[in-house]
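Here's the structure we're looking at; comments come further down.
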Amino acid sequence: MTAGEKIRYYREMYGLSQEKLGQLADINSATIKKYEYGIRNPKIEQLKKIADAFGISICLFLDFDIETVSDIMSLLFKLEDETDMCFEAIQDDAGNFIPESVKLSFQNQDINERLCTYLKEKHSLEEKCQKARTPLDDELTKLKMHLSDDSMVTKKKKHC
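Numbers given in the numbering used here equal positions in the sequence shown, counted from 1, plus 242.
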């Protein structure tokens, strides 16, 4: 989804008109319309205003191009540093960690509950889409956006 499509998604989800969102974000409603239709792309400053108007994180509007192992590792290390995410793995008799046993977990109950909701809904959507032979990606994107719609602050509490 483009930033404009995400703006429209959240605006409709919150039941706001383009005019009302414009007022809340201090952005002209005609500009909101241009973002939603892809005529213009919002700058970071504008996305921040819109995210603040919704009470969500600006990260929900940004797309990360994750293409390399380095990209993934950087994100994982950032999560470990700033949240209560833990890496775990089983060790063999020589003390080496077994790559196939690596697991990620969180101490934060809200995150765990959302992840469980995601897994349950994803499994249900996979079955439904397989039976109906419909694309799964759009439904999963909507589910991910809905579950990401929370700007609750989570800080690292303790080391694992």
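Ideal placement from N, C-alpha and C gives every residue a C-beta, glycine not left out.
When DSSP builds the beta bridges, which residues end up paired with residue i?
i: Phe-339; result: Gln-333
i: Lys-345; result: Glu-330
Check the C-beta distance from residue i over to residue j and give it rounded, since I have them as a contact under 8 angstroms.
i: Asn-283; j: Ala-245; result: 6 angstroms
i: Ile-298; j: Tyr-360; result: Not confirmed; about 17 angstroms, so no contact.
i: Gln-260; j: Ile-281; result: Contact flag wrong, Cβ pair sits at about 13 angstroms.
Among the options, which one has its Cα closest to the Cα of residue i?
i: Glu-330; options: Ala-336, Ile-340, Glu-324; result: Ile-340
i: Lys-364; options: Phe-348, Asn-354, Lys-386; result: Lys-386
i: Lys-225; options: Leu-302, Ile-249, Cys-301, Lys-291; result: Outside the shown range of the chain (243 to 402) lies residue 225, about which nothing can therefore be said.
i: Leu-263; options: Met-243, Phe-296, Glu-287; result: Phe-296
i: Asp-323; options: Asp-335, Phe-348, Gly-337; result: Phe-348
i: Thr-325; options: Lys-285, Ser-390, Ile-353; result: Ile-353
Within the same chain, show all residues whose beta-carbon is closer than 8 angstroms to that of residue i, passing over the 5 residues directly before and after it, in chain order.
i: Gln-333; result: Phe-339, Ile-340
i: Lys-345; result: Phe-329, Glu-330, Ala-331
i: Ser-316; result: none
i: Leu-289; result: Ala-245, Ile-300, Phe-303, Leu-304
i: Asp-307; result: Asp-313
i: His-388; result: Met-255
i: Glu-278; result: Gly-246, Glu-247, Ile-249, Arg-250, Arg-253, Gln-260
Enumerate in chain order the residues of its own chain whose CB-to-CB distance from residue i is below 6 angstroms, with the five nearest sequence positions on each side excluded.
i: Ser-343; result: Ala-331, Ile-332
i: Ser-312; result: none
i: Ala-267; result: Lys-291, Ile-292, Ala-295
i: Glu-381; result: Leu-367
i: Glu-408; result: No answer is possible for residue 408: it lies beyond the span of the chain, which begins at 243 and ends at 402.
Under 7 angstroms Cβ to Cβ from residue i, same chain only, skipping five residues before and after it: list those, please.
i: Thr-383; result: Met-243
i: Arg-390; result: The sequence given here places Ser at residue 390; Arg does not occur at that position. Here the set comprises Leu-302.
i: Leu-321; result: Met-327
Requested in this report: Could you pull out every unbroken alpha helix (DSSP H) segment of at least 4 residues lying fully inside the stretch 356-393, listed in chain order?
Outcome: Correct list: 379-389.
Requested in this report: May I have a chain-ordered list of the beta strand (DSSP E) segments no shorter than 3 residues that lie completely inside the stretch 257-281?
Outcome: Here no run is fully enclosed.
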